[in-house]
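See below for the structure under consideration.
There are 2 protein chains.
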Amino acid sequence: MNLSRKILAELETPCIIIDVEQVRRNIAAMQRAADEAHCRLRPHIKTHKTAFFARMQAEAGAAGITCAKVSEAEVMAAGGLDDIFIAYPLVGAFRIRRALVLVSKLKRLILAVDSLAGAQALSEAAREAGLWLEVRLEIDTGKRRTGVPLEAAAGLAEAVAKLPGLELTGIYTFKGLLYRGAGVSDHELAAREEAELLEQIAQEIRRRGVNIRDISGGSTPTALALARIGKVNEIRPGTYIFNDIMTVQEGAARVEDMAVRYAATVVSCPRPDYAVIDGGTKCFPTDTPLNTLPGNYPGYALVEDPVSFETADHLRLDRMNEEHGIIRSTSGLTGLSVGQVITLVPIHVCTAINMQNSVYLLEKGAVRRQVVEARGMLV
Amino acid sequence: MNLSRKILAELETPCIIIDVEQVRRNIAAMQRAADEAHCRLRPHIKTHKTAFFARMQAEAGAAGITCAKVSEAEVMAAGGLDDIFIAYPLVGAFRIRRALVLVSKLKRLILAVDSLAGAQALSEAAREAGLWLEVRLEIDTGKRRTGVPLEAAAGLAEAVAKLPGLELTGIYTFKGLLYRGAGVSDHELAAREEAELLEQIAQEIRRRGVNIRDISGGSTPTALALARIGKVNEIRPGTYIFNDIMTVQEGAARVEDMAVRYAATVVSCPRPDYAVIDGGTKCFPTDTPLNTLPGNYPGYALVEDPVSFETADHLRLDRMNEEHGIIRSTSGLTGLSVGQVITLVPIHVCTAINMQNSVYLLEKGAVRRQVVEARGMLV
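First to last, the protein sequences are chains A and B. Mind the numbering: the first sequence is residues 4 to 382 in my numbering, read in order. Mind the numbering: the second sequence is residues 4 to 382 in my numbering, read in order.
What follows is the structure in structure tokens.
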């Protein structure tokens, strides 16, 4: 990223800076690759949580966007997005009520189900409101979280398709197993498995007389391989817009594709071997190390050298409290001083963005504030 | 907490519910104990991050409040609090500018320093603005994060006291070592050590001709022991207002003193041995297990039985993604169903509150929304 001491001096820290020009390149590259594979791209907004970036994706050719929550979809609708898939089982009367309000405001709203109970509640609400709701069925292709198990998928699809008020138009999955430190070649393998499972389920469902059109899959590491295999007609990657240490380690992006940095101020250097920065667990997420092998990542963000902006391998952000980030030097000498502004690279950028009320956008050598309107949306 | 199925049906989940009546009891108990020990109580707002609760603490007799960040102090000032200590080294020109604006709006603003470089920058800004700033010196009594090391404390105090524009009126510390799973009896010991270290430093500082008045210490587990020992004249506990599994495990609160619960909706039950709730790492913090021994906590929150509201020992929230909380049953049978609303107990309530844009307040059997105005304040 094209940072300078002059830009850093303008920031209120701790904060996140997003290189808008790099973002445009990342968006264009994924869109071009999807287009070449004749596959629709419906990016997941979980990474940026900002209508500004969602519009940028739509303008580049995305076929709508993906959200996880109805409250996120509301923010995106207010920001001018009109084709939204909420890729998460829509359960709870409060949530259904909000989705029904949203449906009239959009060109297309797709909801998700993964159980008969959930689909029935949605069906009843749709009938009461005199509406038809477009739904997709979530399939569990191995991650063991939401999604109907493979062996029950076709039966559930048939039952859902019979419910009044619902139109079942597709199936989708999220294949997340390879996030556990898989190498590049495994993505091709994972994508192939995902494609075959989805195709098999889709055929079974169609055999039962349910004419589904959309088969949707793909996270950032698998999206392009999946699109090229040709058995899905939609991919939903999210992280590719910014990238992070995770996507680089997975071989899904190059170091120069990472469009996001933290900036933090050194507030205390009590001893030569450690320094304290003004961000802790309120600023740097702690989710990634919990889902990976210990030691796989060298800390909660990669510390960069304050002069060269290259990764400073001897500096480790490996202890935090809410407001304290303790940077330890493995050489015994941090070289940092009170008041210095340093930069760091996020490990997992989606959860990093979620912790910021606003971010700085860097464009043409200048920074400006951007509110992250859909951060913290839980409902 | 006095929850009922009727109340749970009114909530939009995932969310946090705070029992206001229990909060009042917790505030009153700590205030009474501090008063009896003739020690001032300056609660840390990091736990609630809400002016509504800060005013409740002030009205009960607190001698001002404590914040960690200048942006938190701004929110509290706007909410009517007028005596604020920002207990964190105030470093960075942007932060100093905001503190200078704040000083004229408050009856009393106390800032913190722990380095000569930090104090000099503050001094220069104060002189330029033609203001006197009240400061306290942070002492590191063992936690190895911010705070001047013991051996350098008196010398730094003398140097800070000579700087124009600054009035050094006290010292403070945060003794956090015992958060690593200490037992009840250790609090007395830790408080005694903290009290003796602070008294010793204060005497050395006074011997050098710097007449400091305030000696401030204490987290929730040590606060009362510290107040009773009589060597400090101010304590700054935070968590006592709500309490959580951590404070209960530390012996600093009883189970019935916990004033906070999560509510979440079961969105998916794909197999009998696990279920998925609508909150993941965006809702449940993951900081606590990182600073404790693995296995010390049975998950990211304690799951309660949906009927009895007692802790359901066989249900474990021990795997999460951003929007997915996977509850596993050690018996092989969760007994949960799609659409059900369940309650959970926070492990670390401070970071839990920070993830909520708003919370529900429960009072007289009814719930209402309360915005958490100071959540996510990083600057």
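Every residue gets a Cβ at the ideal spot worked out from N, C-alpha and C, and that includes glycine.
For a cutoff of 8 Å on Cβ pairs, would you count proline 92 of chain A as touching chain B?
yes
Take alanine 266 of chain A as the anchor and find which of B:Gly95, B:Ala157 and B:Arg139 has the nearest alpha-carbon.
B:Gly95
Using a Cβ-Cβ cutoff of less than 6 Å, which residues in the same chain neighbour alanine 255 of chain A once the five nearest sequence positions on both sides are dropped?
Thr223 and Pro224
Interface positions of the region 302-327 of chain A facing chain B (Cβ-Cβ less than 7 Å), listed along the chain
Asn324, Glu325, Glu326 and His327
Along the alpha helix (DSSP H) that carries threonine 314 of chain A, what are the first and last residues, could you check?
Looking at the DSSP string, threonine 314 of chain A is not in any alpha helix (DSSP H); the run it does join, the beta strand (DSSP E), is 314-323.
Straight-line CA distance for threonine 284 of chain A to proline 167 of chain B?
35 Å
Select from B:Val26, B:Ile21, B:Ala124 and B:Thr242 the residue whose C-alpha is nearest the C-alpha of threonine 69 of chain B.
B:Thr242
As assigned by DSSP and simplified to three states, the class of aspartate 260 of chain B
helix
Taking Cβ-Cβ distances below 9 Å as the criterion, which residues of the region 125-149 of chain A are in contact with chain B?
Glu141, Asp143, Lys146, Arg147, Arg148 and Thr149
Which of helix, strand or coil DSSP assigns to threonine 69 of chain B:
strand
Beta-carbon neighbours of aspartate 290 of chain B, restricted to chain A and to distances below 7 Å:
Thr284 and Thr289
Using the rule of at least 16 other Cβ atoms within 10 Å of the residue's Cβ for burial, across every protein chain shown, is lysine 165 of chain B buried or exposed?
exposed
Have a look at B:Ile350, B:Pro273 and B:Lys367 and flag the residue whose alpha-carbon is nearest the alpha-carbon of glycine 335 of chain B.
B:Pro273
Which word fits aspartate 316 of chain A, buried or exposed, when buried means at least 16 other C-beta atoms lie within 10 angstroms of its C-beta?
exposed
At least one CB of chain A closer than 8 Å to the CB of glutamate 170 of chain B: is that the case?
no
Roughly how many angstroms lie between the CA atoms of glutamate 13 of chain B and alanine 162 of chain A, to the nearest whole one?
30 Å
Glycine 158 of chain B - DSSP class collapsed to helix/strand/coil:
helix
Excluding five sequence neighbours on each side, which residues of the same chain lie with their C-beta closer than 7 Å to the C-beta of glutamine 373 of chain A?
Thr53, Phe55, Ser361, Val362 and Leu364
Just the C-alpha distance for leucine 339 of chain A and threonine 346 of chain B, rounded to the nearest angstrom, thanks.
45 Å
Return the bridge partner residues of aspartate 217 of chain B from the DSSP annotation.
B:Gly173
Is it right to say serine 311 of chain B is buried, meaning 16 or more other beta carbons lie within 10 angstroms of its own, or is it exposed?
exposed
May I ask you to report which of helix, strand or coil DSSP gives glycine 121 of chain A?
helix
Using a C-beta cutoff of 8 Å, does asparagine 5 of chain B count as contacting chain A?
no
Where does alanine 377 of chain B land, buried or exposed, given buried means 16+ other C-beta within 10 angstroms?
buried
Could you tell me whether any Cβ in chain B is nearer than 8 Å to the Cβ of isoleucine 208 of chain A?
no
Beta carbon proximity, alanine 185 of chain B to chain A, threshold 8 Å
Because the pLDDT of alanine 185 of chain B is 45, which lies under 50, any placement of that residue in the model is unreliable, and the question is left without a value.
Neighbourhood of aspartate 117 of chain A by C-beta distance below 7 Å, restricted to the same chain and skipping five residues each side
Pro92, Leu140, Glu141, Thr149, Gly150 and Val151
Can you pull out the residues from the region 37-70 of chain B whose beta carbon lies closer than 7 Å to at least one beta carbon of chain A?
Lys49
Can you check whether the C-beta of arginine 274 of chain B is within less than 8 Å of a C-beta belonging to chain A?
yes
Cβ of valine 341 of chain A less than 8 Å from any chain B Cβ?
yes
Could one say the Cβ of serine 118 of chain B lies closer than 8 Å to chain A's Cβ atoms, at least one of them?
yes
How should histidine 41 of chain A be labelled, buried or exposed, when 16 other C-beta atoms within 10 angstroms of its C-beta is the threshold for buried?
exposed
State the Cα-Cα distance for the pair isoleucine 21 of chain A and serine 126 of chain B, rounded to the nearest angstrom.
34 Å
Environment of glutamate 170 of chain A [buried if 16+ CB atoms lie within 10 Å]:
exposed
Residue of B:Arg209, B:Arg210 and B:Val235 minimising C-alpha distance to glycine 221 of chain B
B:Val235
Figure out for me which residue from A:Ala61, A:Ala102 and A:Gly342 has the closest Cα to the Cα of leucine 136 of chain A.
A:Ala102
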